[in-house]
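What follows is a short report on a single structure.
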Amino acid sequence: MSVQNEDIATLVVRWQASHGRNHLPWQNTRDPYRVWLSEVMLQQTQVATVLDYYARFLARFPDVRALAEAPQDDVLALWAGLGYYSRARNLHACARQVMERHGGAFPRTVEELSALPGIGRSTAGAIASFCFGVRAPILDANVRRVLTRVLGFDADLAVAKNERQLWAQAEALLPTQDLATSMPRYTQGLMDLGASICSPRKPACIVCPLNAACVARAEGNPEDYPVRTRKLNRSSQAWWLLLLRDAGGRLWLERRPQAGIWAGLYCPPAFEDRAALSGAVGAGDGDDGALHDLPASLHVLTHRDLHLHPVLVAQEEVSGRMAGEGEGSGSGWFDRAQWQALGLPAPIRKMLEALPLA
């Protein structure tokens, strides 16, 4: 490598100041609450999508105390549509721990930050770097791609010891001077390089500030990095959704369990097949004239394809199961104004919005 480690940090810091992203609403702040909120929202989500959610969240929950004191249902409702809902539950739990265990002030070390719900080492490093100037590495997907290419790090990151080695090398590259200024710029610079120039396919190496140091560019194979042999095993699952509507136009919705798909959100009752759904409404002997199949849809999750089959049931009297089961758990009948205020998964909200009027 023709460029020394300390020079890599200088190049990244200098490039970020001139060419990086410096206009986003969570930048140019040392407020750990705002930085933490942005880091969590940006996990698995594009910046363009996050912008509106970030603004709405701050308007509703301007500080960690407001978030901690809010009911979880309010947090999930505001998060609905952003996906990966465990982030919202962890966000709420983390805010409560910050209030209860840290007096409302975010801790300043990576170790303490990593002990909070939903904050892994990379997010902790980002908070510590941006807010406190701590010399802490990050390894989100973009940064991982940049560093493995620059270093020519071709060990399989599916192996834990190789992952630890990359963390150590990432730490060795960190700035060593003027940390209060250089660490935030360096951390942001690596993120920006990965988001713009060092893309997964056809990286723009010619304009990269690190092209003289990059092993992958010299080898001519940047798209071979990072190396990770373990792939996600995708599965497929079908849900038959009972859209049960009473004479007043209210819908029966149930809160999902606290584990699994759409945990803690509201959803119509789900069944593994149409026969099970028919049996639940007393139409199991072929007498299913009250059941109206609506167009099916596909919702793609991280690990599986979820095939949704909505069935509308419009009848004045419903079975005892639907009228009484789940009381005290948040399940029940909701009119349009009520269910619009609930935490609903995006495809479920879209489905309900498209229902014909009663």
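Be aware that the sequence shown starts at 23, since it is given in my numbering, and climbs by one per residue.
For each residue, glycine too, the CB sits at the ideal point set by N, CA and C.
| Asked | Found |
| --- | --- |
| Run of the alpha helix (DSSP H) containing E134, from where it starts to where it stops | 132 to 136 |
| Coarse secondary structure for E294, derived from DSSP in three states | coil |
| 8 Å Cβ cutoff met for H329 and L316 | no |
| Sequence-distant residues of the same chain with beta carbon closer than 7 Å to G216, five excluded per side | N164, V165, R167, V168 |
| R171 beta carbon less than 8 Å from that of A238 | yes |
| DSSP beta-bridge partners of A260 | H329 |
| Start-to-end residues for the beta strand (DSSP E) that takes in L313 | 313 to 315 |
| Through-space distance from L287 to L275, alpha-carbon basis | 10 Å |
| 8 Å contact criterion, which G126 and V181 should meet: CB distance rounded | 40 Å between Cβ atoms; not a contact. |
| Alpha-carbon spacing of A39 relative to G352, whole angstroms | 50 Å |
| Anticipated Cβ contact below 8 Å, A146 with S136, distance rounded | 4 Å |
| Contact check, Q49 vs Y106, beta carbons under 8 Å | no |
| Nearest residue (CA-CA) to W189, options G270, I160, V322, P231 | I160 |
| DSSP state of W355 mapped onto helix, strand, coil | strand |
| Touching by the beta-carbon criterion (3+ pairs, under 8 Å), the region 245 to 262 and the region 201 to 210 | no |
| The region 109 to 116 contacting the region 56 to 65, beta-carbon criterion three pairs below 8 Å | yes |
| Cβ-Cβ separation, V35 to P197 (assumed contact under 8 Å), whole Å | 7 Å |
| Span of the beta strand (DSSP E) around E276 | 273 to 277 |
| L100: first and last residue of the uninterrupted beta strand (DSSP E) it sits in | From DSSP, L100 is part of no beta strand (DSSP E) but of the alpha helix (DSSP H) over 94 to 101. |
| Whether W355 touches D268 by CB criterion (8 Å) | yes |
| Span separating the alpha-carbon of Y75 from that of R82 | 11 Å |
| Among R130, L212, P231, L33, the one whose alpha carbon lies nearest that of Y55 | R130 |
| Cβ shell of G103 (< 6 Å), same chain only, five flanking positions each side left out | A368 |
| Limits of the alpha helix (DSSP H) - the one that L64 falls within | No alpha helix (DSSP H) holds L64; DSSP gives it neither H nor E. |
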